[in-house]
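The numbering used here numbers the first residue of the sequence shown as 495 and each following residue consecutively. Here is the structure we will look at.
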Amino acid sequence: QVQLVESGGGLVQAGGSLRLSCAASGGTFSIYDMGWFRQAAGKEREFVGHRWSSGSTYYSDSVKGRFTISRDNAKNTVYLQMNSLKPEDTAVYYCAAKLGAGSYDYWGQGTQVTVSS
Numbered sequence: 495q496v497q498l499v500e501s502g503g504g505l506v507q508a509g510g511s512l513r514l515s516c517a518a519s520g521g522t523f524s525i526y527d528m529g530w531f532r533q534a535a536g537k538e539r540e541f542v543g544h545r546w547s548s549g550s551t552y553y554s555d556s557v558k559g560r561f562t563i564s565r566d567n568a569k570n571t572v573y574l575q576m577n578s579l580k581p582e583d584t585a586v587y588y589c590a591a592k593l594g595a596g597s598y599d600y601w602g603q604g605t606q607v608t609v610s611s
């Protein structure tokens with residue numbers, strides 16, 4: 495059983511940056527593929543990006559070029575660096591973990607990001 499805890503959310507002005515962290519425990523972190531999702535108020539959860547255990551990454555068009563996912567296996571942590579933030583990036587951000595193909599198996603509790611205009 496893997497537990498995921500996000501941190502680093504907060505209030506930032508448009509154009510600013512934030513780095514979210516997702517700390518994992520209870521499993522062999524390095525073998526998991528990690529994803530980031532977000533959910534704005536009144537909207538469905540949206541895919542943000544994914545980093546495979548191999549190091550490859552994939553991002554949604556809405557964040558490509560602005561957001562970067564990295565991971566530190568020694569710290570069992572995955573990061574979401576968010577630059578050039580826009581008000582439409584305001585949402586609760588979640589990290590998730592999975593092994594291989596299929597759906598994500600584990601989810602964090604989320605961290606709120608608010609971008610003011």
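Each residue gets a CB set at the ideal place from its N, CA and C atoms; glycine is no exception. It should be emphasised that the depicted structure is a prediction, and the values quoted were computed from it without experimental measurement.
Which same chain residues, not among the five before or five after residue i, have their C-beta less than 6 Å away from its C-beta?
i: Y571; result: The question names Tyr, but residue 571 is Thr in the sequence shown. Once the five neighbours on either side are set aside, the close Cβ partners of T571 are S515, A517.
i: T551; result: R545, I563
i: Q497; result: S519, G520
Could you tell me the alpha carbon to alpha carbon distance between residue i and residue j, rounded to whole angstroms?
i: A535; j: G503; result: 16 Å
i: V586; j: R560; result: 18 Å
i: W601; j: S524; result: 16 Å
i: S519; j: Y526; result: 12 Å
i: G509; j: K580; result: 6 Å
Less than 8 Å between C-beta atoms, sequence neighbours within five positions excluded: which residues of the same chain meet that for residue i?
i: R532; result: R539, E540, V542, D583, A585, V586, Y587, Y588, V607
How many whole angstroms separate the CB atoms of residue i and residue j, which I take to be in contact at a CB cut-off of 8 Å?
i: L505; j: S611; result: The pair is not a contact, with the Cβ atoms about 12 Å apart (cut-off 8 Å).
Would you call the region 592-603 and the region 564-577 in contact, with 3 or more CB pairs under 8 Å? No, the region 592-603 is not in contact with the region 564-577.
In chain order, what are the residue ranges of uninterrupted beta strand (DSSP E) at least 3 long that sit wholly in the region 524-565? 527-533, 540-545, 551-553
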